[in-house]
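Only one structure is covered here, and it is reproduced in the block below.
Residue numbers (full-length UniProt numbering): 1 to 359.
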């Protein structure tokens, strides 16, 4: 059994035996998940039998290009959007998509940083006019709406959408629309973006893929507690992050169900515990950064599962699955519950309707 399978099996056992409403067992589950994440990261760096992430990404890019030759439309005439692509996992995902031939849009809040990222991508890949910047602030429903309208005005299909951007364990704050910041950015913004782009996704002749970046942190909460989202007094940065990631997972499963019979697939992934600036709110000391780099996955390893779900031929036609380390594993029980899916969908639609109506 490979290292990835072992890690997924261990985490599956931890979740099945300890996750739930019992606080002691849930705490044990959380510790077990964190310990197994670090254990996998360390073991993967030491195990020479595990192919380097860069070589595995190269293989996926090559396989995608080979598949492109058999498709109705070549990759060079396809479009991909990656949110939060100016750095980290999003940057590496955009790079891989561009190398595979896709015209890749970096959907980022900071235009200057995104332009600098495009320059780096062009230098690193030698590809010109393959990458583009479009401004998107997921913490603003007005910005999301403007982005959707600008893209739809191009009158083209969307072939890959990677919902990558996010916040992790930030201090309490609110989006521009007054929604708790982690839930509003990680879930509500991406919900509005994805549902707004559905017509463009459905136009893709070879089918389209939606990849939602969640996390094993979703299993660190037994449910989506809406009071924690609505009441500042209930806010806990770790628990609220977990709630937002469970919302990502639940949304992906609900959308996959709603799109059954179409050529649009939706899958959700866990990138691994990765040393990126996503952890900037967790701590800032140089010692902590050094420990993170030693104990966590590098950015290429973190981007691998996203890239796999976005364009590997092995995932063709698969939908409604949760991938970790490029292998499918069981979702959170609440994400599999259709009633929970419908409840989250209705709650999110209500929030968006209320916030946009008031403007």
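Idealized CB from N, CA, C, for every residue including glycine. Everything numeric in this text was worked out from a predicted model, so none of it was measured.
Item, Value
"Please report how far the alpha carbon of residue 13 lies from the alpha carbon of residue 330, in whole angstroms.", "11 Å"
"What residue range does the alpha helix (DSSP H) around residue 200 cover?", "198-202"
"State whether the region 181-191 contacts the region 245-262, with contact taken as three or more CB pairs (one from each stretch) at a distance under 8 Å.", "yes"
"Check whether the Cβ atoms of residue 306 and residue 269 sit closer than 8 Å, and answer yes or no.", "yes"
"With a CB to CB cut of under 8 Å and the five nearest residues on each side skipped, what residues in its chain are close to residue 115?", "133"
"For the beta strand (DSSP E) containing residue 208, name the first residue and the last one.", "208-213"
"Tell whether a beta-carbon distance below 8 Å holds between residue 304 and residue 51.", "no"
"Give me, in chain order, the residues of the same chain whose beta-carbon lies closer than 7 Å to that of residue 280; leave out the 5 immediate sequence neighbours on both sides.", "Low per-residue confidence applies at residue 280: pLDDT is 49, beneath 50, and the placement is therefore not dependable enough to give any value."
"As a quick exercise: from 38, 16, 82, pick the residue whose alpha carbon is nearest that of residue 311.", "82"
"How about residue 196 and residue 139: do their beta carbons lie closer than 8 Å?", "no"
"Taking C-beta to C-beta, are residue 141 and residue 177 nearer than 8 Å?", "yes"
"Could you give the first and the last residue of the continuous alpha helix (DSSP H) run that contains residue 142?", "141-152"
"Hey, is residue 253 close to the ligand NAP, as in C-beta under 7 Å from one of its heavy atoms?", "Ligands displayed in this structure: none; no statement on the ligand NAP is therefore possible."
"Write down every uninterrupted run of the beta strand (DSSP E) in the region 70-141 whose length is 3 residues or greater and which is fully enclosed by it, in chain order.", "79-83, 103-108, 131-135"
"Let me know if residue 172 comes out buried or exposed under the rule of 16 or more other beta-carbons within 10 Å of its beta-carbon.", "exposed"
"In the DSSP assignment, what residue or residues form a beta bridge with residue 270?", "324"
"Can you name the start and end residues of the beta strand (DSSP E) that residue 163 belongs to?", "160-163"
"Please report how far the alpha carbon of residue 287 lies from the alpha carbon of residue 296, in whole angstroms.", "In this prediction, residue 287 has a pLDDT of 48, which is less than 50 and means its spatial position is unreliable; nothing more can be read from the coordinates."
"Based on the DSSP secondary-structure assignment, which residues constitute the bridge partners of residue 3?", "Answer by DSSP bridge pairing: none, since residue 3 is not bridged."
"What distance in whole Å lies between the Cβ atoms of residue 108 and residue 135, which are believed to be in contact at a cut-off of 8 Å?", "7 Å"
"Residue 30: buried (16+ other C-beta within 10 angstroms of its C-beta) or exposed?", "buried"
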